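Below is one structure, written out as structure tokens; comments come after it.
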Amino acid sequence: MEAFLLSIDQRCEVFSGMVLVNKGFNFDGAVASSSLGSLLWYLLGRAFIVTLFLGVTVAVRFSTAVQFFHLPDVQLVTLLFITFLQICFSLLWLLRWQKRLRLFIQFQLVWDLILSALTVYYTGGVESLFSFLFIFVILSCALMSSRAELYVTIVAAVVLYGGLVGLLHYGYLSPVGGTVTLSATDTIYRLFLNIVAFLLAGLLGSILSVRLRRSECLLQRNRDDYAELENLNRMILKSIPSGLIVVDPSGKICSFNSAASAICMIDAENACQKTLAEVFPNFNLNELLLPVDRGEFFFVDWQGLTRIIGYNATMITDSATDDPKTLITFQDLTATKKLEENYQLGERLAAVGKLAAGLAHEIRNPLASLSGSVQLLSEDENFNSA
Numbered sequence: 044m045e046a047f048l049l050s051i052d053q054r055c056e057v058f059s060g061m062v063l064v065n066k067g068f069n070f071d072g073a074v075a076s077s078s079l080g081s082l083l084w085y086l087l088g089r090a091f092i093v094t095l096f097l098g099v100t101v102a103v104r105f106s107t108a109v110q111f112f113h114l115p116d117v118q119l120v121t122l123l124f125i126t127f128l129q130i131c132f133s134l135l136w137l138l139r140w141q142k143r144l145r146l147f148i149q150f151q152l153v154w155d156l157i158l159s160a161l162t163v164y165y166t167g168g169v170e171s172l173f174s175f176l177f178i179f180v181i182l183s184c185a186l187m188s189s190r191a192e193l194y195v196t197i198v199a200a201v202v203l204y205g206g207l208v209g210l211l212h213y214g215y216l217s218p219v220g221g222t223v224t225l226s227a228t229d230t231i232y233r234l235f236l237n238i239v240a241f242l243l244a245g246l247l248g249s250i251l252s253v254r255l256r257r258s259e260c261l262l263q264r265n266r267d268d269y270a271e272l273e274n275l276n277r278m279i280l281k282s283i284p285s286g287l288i289v290v291d292p293s294g295k296i297c298s299f300n301s302a303a304s305a306i307c308m309i310d311a312e313n314a315c316q317k318t319l320a321e322v323f324p325n326f327n328l329n330e331l332l333l334p335v336d337r338g339e340f341f342f343v344d345w346q347g348l349t350r351i352i353g354y355n356a357t358m359i360t361d362s363a364t365d366d367p368k369t370l371i372t373f374q375d376l377t378a379t380k381k382l383e384e385n386y387q388l389g390e391r392l393a394a395v396g397k398l399a400a401g402l403a404h405e406i407r408n409p410l411a412s413l414s415g416s417v418q419l420l421s422e423d424e425n426f427n428s429a
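Below you can see the structure in the form of structure tokens.
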């Protein structure tokens, strides 16, 4: 059995060394402090099993006179009472000392083994119908404890049950309610069947625990990857300078990033409770015209200032619900538009200045010619007079 389990561990070598903090498994398979809820369910399950078997037996013994297990009523009631006291003590321990859960589990396993042995002893020994309680203890140990503790539990169950049957058979321990009626062959046969059942339960529990921890590893890895992707997505949405809005088919805003809040001066939580028309009254988005590469609309903020918003819009599909949604990215183009207007005004002024310079040049050339001609004429008149 150990060689078979080691082969399973070799196939699961990638997962055996991981620490499952959220689910409470460490390197040796013990339950950590985060699995408090699992231990509470374990205690409730133990209380249910005790009530189901011992409680029903008590009720039957008090209601009928049939001697089912040759069990004195006082011993049965005492055993049931002690068991419920132990469960109450375990609940107090679990709520008071939450950091010592490994010791708590070991204490529970020891008590369960003792309780199972006492129940088998008081209900007929090898003829008892409650020998399967050891199987419950072994399976519980396989799910909550390490491999070494599981082996110890299996050996303890075999020793307790086998020793109890041997002591009863050879007369070292007096049977409760009568004498041993089975022959040596039947006793050995039942002992062999129960021991084999204990070993098979340990093997099955070990295999299931390995698969459970491997599934827990995969689940935890997927959770970590999902959390990392979610944080990365949140950082990207928070870092991009453009506003981003996701709108459902009814027009309600599903997502509103921080840049959109800064542009619109609206809190993201309040924006997600409104529709797109309430946030942008002048924005008319026609889904039939999607996608929109470059669009503009006017937005009046709470200060009464009119802003020019440029946007892109496209259709997306929600992978979880397959519902179509609209993704809108936008920016405040007011400052950009002012720069464009100033640039265009400067271009126009430069053109006017260039035109004025050209006109001045064109006017200056004829005037220079006239001035030269007049000067020549004046010189000619002076020459003739001389």
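The sequence shown begins at 44 in the working numbering and counts up one residue at a time. The C-beta atom is built at its ideal place from N, Cα and C for all residues, glycine as well. Keep in mind that this is a model prediction, so the values were computed, not measured.
Determine the extent of the beta strand (DSSP E) in which Ile-288 is found, giving its start and end residues.
It spans 286 to 290 - the beta strand (DSSP E) in which Ile-288 sits, taken as one unbroken run.
Rounded to whole angstroms, how far is the Cβ of Leu-303 from the Cβ of Leu-287, which I believe are closer than 8 Å?
Note that residue 303 is Ala in the sequence shown here, rather than Leu. Yes, Ala-303 and Leu-287 are in contact; Cβ-Cβ is about 6 Å, under 8 Å.
Express the C-alpha separation of Lys-380 and Val-395 in angstroms, rounding to a whole number.
22 Å
Put Phe-323 into one of helix, strand or coil per three-state DSSP.
coil
Neighbourhood of Ala-400 by C-beta distance below 8 Å, restricted to the same chain and skipping five residues each side:
none
Three-state secondary structure (DSSP) at Val-219?
coil
Leu-63 (DSSP reduced to helix, strand or coil)
Per-residue confidence for Leu-63 stands at a pLDDT of 36, beneath the threshold of 50, marking its modelled position as unreliable; the derived number appears in the next sentence. Reduced to three states, the DSSP call for Leu-63 is strand.
From Leu-234 to Leu-156, what distance separates their C-alpha atoms?
Those two C-alpha atoms are separated by around 17 Å.
Close-in-space but distant-in-sequence residues of the same chain around Phe-299 (CB under 7 Å, 5 per side omitted)
Ile-288, Ala-311, Ala-314 and Cys-315
Please look up how many angstroms separate the CB atoms of Ile-181 and Gly-248, rounded, as I've assumed it's under 8 Å.
6 Å
Identify the residues that DSSP records as bridge partners of Arg-254: which are they?
Per DSSP, none; premise fails for Arg-254.
Looking at C-alpha atoms only, which residue of Ala-356, Leu-152 and Leu-193 is the closest neighbour of Leu-246?
The closest CA to that of Leu-246, considering only Ala-356, Leu-152 and Leu-193, is found on Leu-193.
Which residues in the same chain as Ile-197 place their Cβ atom closer than 7 Å to its Cβ, once the five residues preceding and following it in sequence are excluded?
Beyond the five residues adjoining it in sequence on each side, Ile-197 comes within less than 7 Å, by CB distance, of Ile-181, Phe-241, Leu-242 and Gly-245 in the same chain, given in chain order.
Glu-367 - partner residues in DSSP beta bridges
The residue you asked about is not Glu; residue 367 is Pro in the sequence shown. Answer by DSSP bridge pairing, in chain order: Thr-360.
Below 8 Å, can you find three or more Cβ-Cβ pairs linking the stretch 358 to 374 to the stretch 322 to 342?
yes
Please go through the same chain and pick out, in chain order, the residues whose beta-carbon is closer than 7 Å to the beta-carbon of Ser-416, but skip the five residues on each side of it.
none
Straight-line gap, Arg-337 to Thr-377 (C-alpha atoms, nearest Å):
15 Å
Please report the straight-line C-alpha distance between Met-358 and Asp-366, rounded to a whole angstrom.
10 Å
Return helix, strand or coil for Cys-452, following the three-state DSSP convention.
Here the chain comprises residues numbered 44 to 429, so residue 452 is not present and cannot be evaluated.
By how many angstroms is the C-alpha of Glu-170 removed from the C-alpha of Trp-136?
35 Å
Check whether the Cβ atoms of Val-201 and Ile-238 lie closer than 7 Å to each other.
yes
Take Met-278 and list the residues in its own chain whose beta-carbon comes closer than 8 Å to its own, dropping the five residues that flank it on each side.
Closer than 8 Å at Cβ, skipping near neighbours: no residue.
Rounded to whole angstroms, what is the Cα-Cα separation between Trp-84 and Asp-344?
56 Å
Return the CA-CA distance between Glu-321 and Cys-307, expressed in angstroms with no decimal places.
12 Å
Which residue wins for smallest C-alpha separation from Ser-183, given the options Thr-230, Arg-266 and Leu-86?
In this structure, Leu-86 is the residue among Thr-230, Arg-266 and Leu-86 with its C-alpha nearest to the C-alpha of Ser-183.
State the Cα-Cα distance for the pair Leu-419 and His-404, rounded to the nearest angstrom.
23 Å
Counting C-beta neighbours from all protein chains within 10 Å, is the total for Phe-124 16 or more, i.e. buried, or is it exposed?
Residue environment: Phe-124 is assigned as exposed (fewer than 16 neighbouring CB atoms within 10 Å of its CB, all protein chains considered).
Applying the criterion that 16 or more other CB atoms from any shown protein chain within 10 Å of the CB defines a buried residue, is Thr-224 buried or exposed?
exposed
If we ignore side chains and look at the alpha-carbon of each, how far apart do Leu-186 and Arg-266 end up?
22 Å
Proximal residues to Ile-283 (C-beta, below 8 Å), its chain only, five neighbours per side dropped
Asn-300 and Ala-302
Taking the C-alpha atoms as reference points, what is the distance between Cys-297 and Arg-254?
39 Å
For Lys-281, does the three-state DSSP call read helix, strand or coil?
Helix.
Contact belief for Tyr-204 with Ser-174 at Cβ below 8 Å, rounded distance in angstroms:
Their Cβ separation, rounded to whole angstroms, is 7 Å, which keeps Tyr-204 and Ser-174 in contact under 8 Å.
So the candidates are Leu-333, Thr-126 and Tyr-386; which of them puts its Cα closest to the Cα of Phe-91?
Thr-126
For Thr-349, tell me which candidate among Asp-375, Tyr-215, Thr-360 and Asn-355 has the shortest Cα-Cα distance.
Asp-375
Whose CA, out of Thr-162, Gly-214, Gln-149 and Leu-158, lies closest to the CA of Ser-7?
Nothing in the structure corresponds to residue 7, since the chain is present only between 44 and 429.
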